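Some notes on the structure that comes next.
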Amino acid sequence: MNTTSPSAWRRIMLPGFRSLWHATTRSGAHAAPPPSPHSDRHPRCGHRDYDVDNYHSATCAPPHMLGNPYVTGGYRVRLTWWQCVVSAFRPNHYEFLNIWTHAAALMWYASALVHVYTDGTVLVSHGGVEMGQGLHTKVAQVVAAELDVPLALVHVHDTHTAKVARSSATAASMGSDLYAEAARRASAQIAARMAPYRGAAGGTWAAAARAAWCDRVDLSAHAFYKVPHISGFDFATGRGTPFSYFTCGAACSLVEADVLTGDHRVLRTDIVMDVGRSLNPHVDIGQIEGAFVQGQGWLTVEDVVYGSREHVWLAPGQQHMPGPGTYKLPAADDAPRHFNVHLLRNSRNSRAVHSSRAVGEPPLLLSASVLFALRHAVGAARADNNVDRWFAVDTPMSAERVRMACCDPVVRYVVGDDERASTWRAAGAY
Numbered sequence: 022m023n024t025t026s027p028s029a030w031r032r033i034m035l036p037g038f039r040s041l042w043h044a045t046t047r048s049g050a051h052a053a054p055p056p057s058p059h060s061d062r063h064p065r066c067g068h069r070d071y072d073v074d075n076y077h078s079a080t081c082a083p084p085h086m087l088g089n090p091y092v093t094g095g096y097r098v099r100l101t102w103w104q105c106v107v108s109a110f111r112p113n114h115y116e117f118l119n120i121w122t123h124a125a126a127l128m129w130y131a132s133a134l135v136h137v138y139t140d141g142t143v144l145v146s147h148g149g150v151e152m153g154q155g156l157h158t159k160v161a162q163v164v165a166a167e168l169d170v171p172l173a174l175v176h177v178h179d180t181h182t183a184k185v186a187r188s189s190a191t192a193a194s195m196g197s198d199l200y201a202e203a204a205r206r207a208s209a210q211i212a213a214r215m216a217p218y219r220g221a222a223g224g225t226w227a228a229a230a231r232a233a234w235c236d237r238v239d240l241s242a243h244a245f246y247k248v249p250h251i252s253g254f255d256f257a258t259g260r261g262t263p264f265s266y267f268t269c270g271a272a273c274s275l276v277e278a279d280v281l282t283g284d285h286r287v288l289r290t291d292i293v294m295d296v297g298r299s300l301n302p303h304v305d306i307g308q309i310e311g312a313f314v315q316g317q318g319w320l321t322v323e324d325v326v327y328g329s330r331e332h333v334w335l336a337p338g339q340q341h342m343p344g345p346g347t348y349k350l351p352a353a354d355d356a357p358r359h360f361n362v363h364l365l366r367n368s369r370n371s372r373a374v375h376s377s378r379a380v381g382e383p384p385l386l387l388s389a390s391v392l393f394a395l396r397h398a399v400g401a402a403r404a405d406n407n408v409d410r411w412f413a414v415d416t417p418m419s420a421e422r423v424r425m426a427c428c429d430p431v432v433r434y435v436v437g438d439d440e441r442a443s444t445w446r447a448a449g450a451y
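Take 22 as the starting number for the sequence shown in this note's numbering and just add one per residue.
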């Protein structure tokens, strides 16, 4: 049995997990004191040896798990760490998931603050975080379009809670939907206030701004926006509206696999993405390309290996890939040799700012075309070796897995059994 050392247990029991354990055990009828960070004993049964991946036994399970079909008699049960956490804190895992979906629904809101100065320059502050995805660029474009001013006059201030407090997370590809719309609404207020002065000033924006200031017009505006039409999702009933809309796309990839080494290269990829009426096609195409290559790495090279029965040269639970020296990320040479990205024409989306759609994360899933093409290539190699059996594909489909799945005479010799060789599944990267 794999054992976990006291130091490993302390690494697993993170502070957040420890506080949840406190809250759960105090409310339980059979509550046990929280585990000491310096103890090597199991927090419930007191046994010294246990496996984090295998939740010890039925006698060590939380009280409400004793009737769980996963836990029977004194047999050790194979539960993932995630299942253990859900079962330990919520007898009904649907309730646990519903809490998270409703919490996510509460996140989708945004605020923005817009100032117009007497020289006509515009300063925008919003709660979104610019992390290279072009959020500030899109927000500035939306504000410039709403105020009908040159883009050069619009400046976006760095995100700061002193300017815009209580911001929602910049996540789930919702940055532009949230903060661009909030900034647009704030700009619309200022545009309506300045409308009488633009005509009197001969249409000059700077002159209109000065005239409005002299007339004591408020040239600052704050706006709040929350995504409509969402209500969370009830996993027990299968009903709800967790998303306002969907972003769709299609991809076709051509790959070439080296059956001797297992290496591969992507020769060509064509993508058509529906991003609605794009706020900035250049930014969106870059996001699509980046997300695709990121997903390509996730499905083909980014492998994580821990000490286990398949990797006996590592201590149980020890990670073999703690850094970039062993954990491989996709590089420029891994991108498709011919990479064509097209945005779907004449597409509209009435539920987002300027009829656009989210674009950050959805294209990542299109990288599955590389995985499927690679599987077809391996299938062709197996057919050349007179192997027509169905075979499993594990991700990431690394060079080791591609090489062993080809089932050529070398693989058969190493495995020592033609039947085993045709169904062999490599454990991962080495």
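Cβ coordinates follow ideal geometry from the N, Cα and C atoms, glycine included. Nothing here was measured: the structure is a model prediction, and the numbers come from that model.
How many angstroms separate the CA atom of residue i from the CA atom of residue j?
| i | j | result |
| --- | --- | --- |
| Ser-146 | Met-294 | 30 Å |
| Leu-392 | Glu-277 | 12 Å |
| Pro-171 | Ser-208 | 14 Å |
| Ala-221 | Ala-229 | 8 Å |
| His-380 | Gln-308 | The question names His, yet the displayed sequence has Val at residue 380. Straight-line Cα distance between these residues: approximately 7 Å. |
| Val-414 | Asp-305 | 32 Å |
| Cys-428 | Ala-442 | 6 Å |
| Ala-312 | Ala-131 | 24 Å |
| Met-215 | Ala-161 | 19 Å |
| Glu-440 | Ser-274 | 32 Å |
| Ala-352 | Gly-344 | 15 Å |
| Ala-242 | Ser-419 | 53 Å |
| Phe-254 | Ile-211 | 38 Å |
| Pro-64 | Pro-337 | Unreliable placement is indicated for Pro-64, whose pLDDT of 44 sits below 50; the coordinate value is still reported in the next sentence. When rounded, the distance between both Cα atoms is 21 Å. |
| Ser-197 | Trp-129 | 12 Å |
| Arg-446 | Tyr-200 | 47 Å |
| Tyr-348 | Arg-206 | 45 Å |
| Ser-452 | Asp-279 | What is shown of the chain runs 22 to 451, which leaves residue 452 out entirely. |
| Glu-151 | Ala-233 | 32 Å |
| Tyr-434 | Ala-401 | 20 Å |
| Gly-270 | Arg-231 | 47 Å |
| Lys-159 | His-359 | 28 Å |
| Val-436 | Asp-354 | 33 Å |
| His-303 | Asp-409 | 45 Å |
Mind checking residue i: buried by the 16 CB within 10 Å criterion, or exposed?
| i | result |
| --- | --- |
| Thr-225 | exposed |
| Pro-84 | Because the pLDDT of Pro-84 is 40, which lies under 50, any placement of that residue in the model is unreliable, and the number read from its coordinates should be weighed accordingly. That one is exposed. |
| Asn-370 | buried |
| Pro-383 | buried |
| Val-175 | buried |
| His-285 | buried |
| Trp-334 | exposed |
| Gly-297 | buried |
| Thr-191 | buried |
| Thr-182 | exposed |
| Asp-179 | exposed |
| Asp-239 | exposed |
| Tyr-246 | buried |
Are the CB atoms of residue j and residue i within a distance shorter than 8 Å?
| i | j | result |
| --- | --- | --- |
| Ser-368 | Gln-317 | no |
| Val-163 | Val-374 | yes |
| Ala-244 | Ala-203 | yes |
| Val-322 | Met-342 | no |
| Phe-412 | Ala-426 | yes |
| His-363 | Ile-251 | no |
| Val-248 | Ser-265 | yes |
| His-157 | Val-177 | yes |
| Ser-189 | Gly-155 | no |
| Leu-300 | Ser-377 | yes |
| Thr-416 | Leu-320 | yes |
| His-332 | Ala-165 | no |
| Leu-395 | Val-423 | yes |
Below 8 Å on the Cβ atoms is my contact criterion, and I expect residue i with residue j to pass it. Report the Cβ-Cβ distance as a whole number of Å.
| i | j | result |
| --- | --- | --- |
| Pro-357 | Thr-290 | 4 Å |
| Asp-140 | Ala-227 | 6 Å |
| Glu-421 | Gly-259 | About 40 Å; that fails the 8 Å criterion. |
| Ala-213 | Ser-390 | Not confirmed; about 48 Å, so no contact. |
Regarding residue i and the ligand SAH, is the C-beta to nearest heavy atom distance less than 7 Å?
| i | result |
| --- | --- |
| Leu-174 | With respect to the ligand SAH, the structure offers nothing, as it holds no ligand at all. |
What beta strand (DSSP E) runs, 3 residues minimum, are completely inside the region 166-218? 175-177
Runs of alpha helix (DSSP H) lying entirely within the region 222-262, each at least 4 residues, in chain order: 226-235
Could you tell me which uninterrupted beta strand (DSSP E) segments, each at least 3 residues in length, are contained entirely in the region 265-331, listed from first to last along the chain? 269-278 and 285-295
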